[in-house]
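Here is the structure we will look at.
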Amino acid sequence: MLAGLAGVAVGMCLFNVFLSATPEPATALYKRSNAFVRACETAGAEISRLRRATFFIDDCATPVVTPIFGEEGRVIVRRTVEGEADDDDGGRVTYSVKMDGRSIEKWRAIEIRLAPSRLTLDASLLPTSRSATPTAAHR
1 MLAGLAGVAV
11 GMCLFNVFLS
21 ATPEPATALY
31 KRSNAFVRAC
41 ETAGAEISRL
51 RRATFFIDDC
61 ATPVVTPIFG
71 EEGRVIVRRT
81 VEGEADDDDG
91 GRVTYSVKMD
101 GRSIEKWRAI
111 EIRLAPSRLT
121 LDASLLPTSR
131 SATPTAAHR
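Quick note on the numbering used here: the sequence shown kicks off at 1 and runs consecutively.
This is how it looks when you write it as structure tokens:
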């Protein structure tokens, strides 16, 4: 009798294990809870392929990730590195990596660029100056 109860208990445990082990529907990477951390880690791996020596100053525990408006599943990850490379003078360099997280398997780097080291302004986008002639309201 005791062996029968033990068999039933083991059977129930195995049933629960198989029932709970059913795979969840495939979810795109960008929709997962750790999406930004994984995008940051993948961006770091891609940057490491471009440089001889790479020491990341930032941390993927608090990633700098910006979703791209109008491009679902795509983000821009910023990573800052220090060390000698062909594209810098040995100081700190920040990269912007455009990532695609629509896959269910792995993040994919679409584009890697050096980020500007300081704020820049494209003057061609500024409105043209108004005429200097006073209007009736200013007289």
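In this text, a Cβ means the ideal position worked out from N, Cα and C, and glycines have one as well.
Rank the options by C-alpha distance to the C-alpha of residue i and give the top, closest one.
i, options, result
"Arg79", "Glu46, Asp100, Tyr30 and Ala28", "Glu46"
"Arg92", "Ile57, Pro63, Lys106 and Ile112", "Ile57"
Can you list, in chain order, the residues of its chain with a C-beta nearer than 6 Å to that of residue i? Leave out the 5 residues immediately preceding and following it.
i, result
"Val77", "Ala39, Cys40, Ala43, Val65, Val97 and Met99"
"Tyr30", "Gly73 and Gly101"
"Arg108", "Asp100"
"Ile110", "Lys98 and Asp100"
"Arg113", "Ser96"
Who are the Cβ neighbours of residue i in its own chain at under 7 Å, not counting the five residues just before and after it?
i, result
"Thr54", "Ile47, Ser48, Val81 and Gly83"
"Ala115", "Arg78, Thr94, Tyr95 and Ser96"
"Ala26", "Ile104"
"Glu194", "There is no way to answer for residue 194, as the model of the chain reaches only from 1 to 139."
"Pro23", "A caution first: Pro23 carries a pLDDT of 46, below 50, which makes its placement in the model too unreliable to give a value."
"Ile68", "Arg74, Val75 and Ile76"
Report back the beta-carbon spacing between residue i and residue j to the nearest angstrom; my notes put them in contact at under 8 Å.
i, j, result
"Ala28", "Ile104", "6 Å"
Based on DSSP bridge pairs, tell me the residues matched to residue i.
i, result
"Thr80", "Thr94"
"Ile112", "Val97"
"Arg74", "Asp100"
"Val65", "Val77"
"Phe36", "Note: Phe36 sits in no beta bridge, so no partner."
Among residues of its own chain, excluding the 5 on either side of residue i, which ones have a beta-carbon nearer than 8 Å to its beta-carbon?
i, result
"Cys60", "Val37, Cys40, Glu41 and Gly44"
"Arg32", "Arg38"
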